[in-house]
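Per our numbering, residue 380 is the first one in the sequence shown, and the count goes up by one each step.
Glycine is no exception: its CB is placed at the ideal position from the N, C-alpha and C atoms.
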Amino acid sequence: MVFRGTFDYSLDAKNRLTVPARYRAALSDGVVLAMGLERCVALWTPTGYDAYTQASLAGFHPLQPEAQQLKRFFAANSLDTELDAAGRVMIPAFLVDHAGLEKEVVVTGSGDALEIWSRATWSEYRAALASAVTDITARLGHTA
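Listed below in structure tokens is the structure:
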């Protein structure tokens, strides 16, 4: 499943997010909520999160301190959960705090996951990203 699009949503009083309807079937076997590297919360399929963490650790010997730190980061800052009957997922306080989430949020596709951003943070990030894309593609040897 490839996650695409940008959707405006609201968290309810219990910090529950209604997941976009088009993605609920793909997430019916469970989800992993994880601290994003940027100021967001990532919502993965369990298989997708496992593949991401394994690929991130692939270049390290398992006993290297950096490998241990990354494994701790991934394990301590994520949790397995499920969508409820209404297609919602509860975002725990530590992830709400990390992302600075308030009532109004944006759910964005990032290919292999969904990301949950505060609307203000997403607005700033999106503007910076849009202006940086040309430079990013040039550094990668592509032309825009």
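Here Leu458 carries a strand assignment [DSSP, helix/strand/coil]. Using a Cβ distance threshold of 7 Å, Leu508 and Val420 do not count as a contacting pair.
Linking Val381 to Asp463 through their CA atoms gives a straight-line distance of about 22 Å. Contact annotation, Ser502 with Glu481: C-beta distance approximately 13 Å; criterion of less than 8 Å not satisfied. By the criterion of a C-beta distance shorter than 7 Å, Ala492 is surrounded in its chain by Phe382, Ala421, Leu422, Trp423, Gly427, once the five residues flanking it on both sides are discounted.
Under the three-state reduction of DSSP, Phe386 is assigned to strand. In the three-state reduction of the DSSP assignment, Glu417 falls in the coil class, being assigned neither a helical nor a strand state.
Gly427 carries a helical assignment under DSSP once its states are collapsed to helix, strand and coil. Under the three-state reduction of DSSP output, Arg395 falls in the strand class.
By the neighbour-count criterion, in which a residue is buried when 16 or more other Cβ atoms sit within 10 angstroms of its Cβ, Val411 is buried. The three-state secondary structure of Val411, taken from DSSP, is strand. According to DSSP, residue pairing for Gly490 in a beta bridge involves Phe382.
Burial is judged here by how many other beta carbons sit within 10 angstroms of a residue's own beta carbon; Ala478 has at least 16 and is buried.
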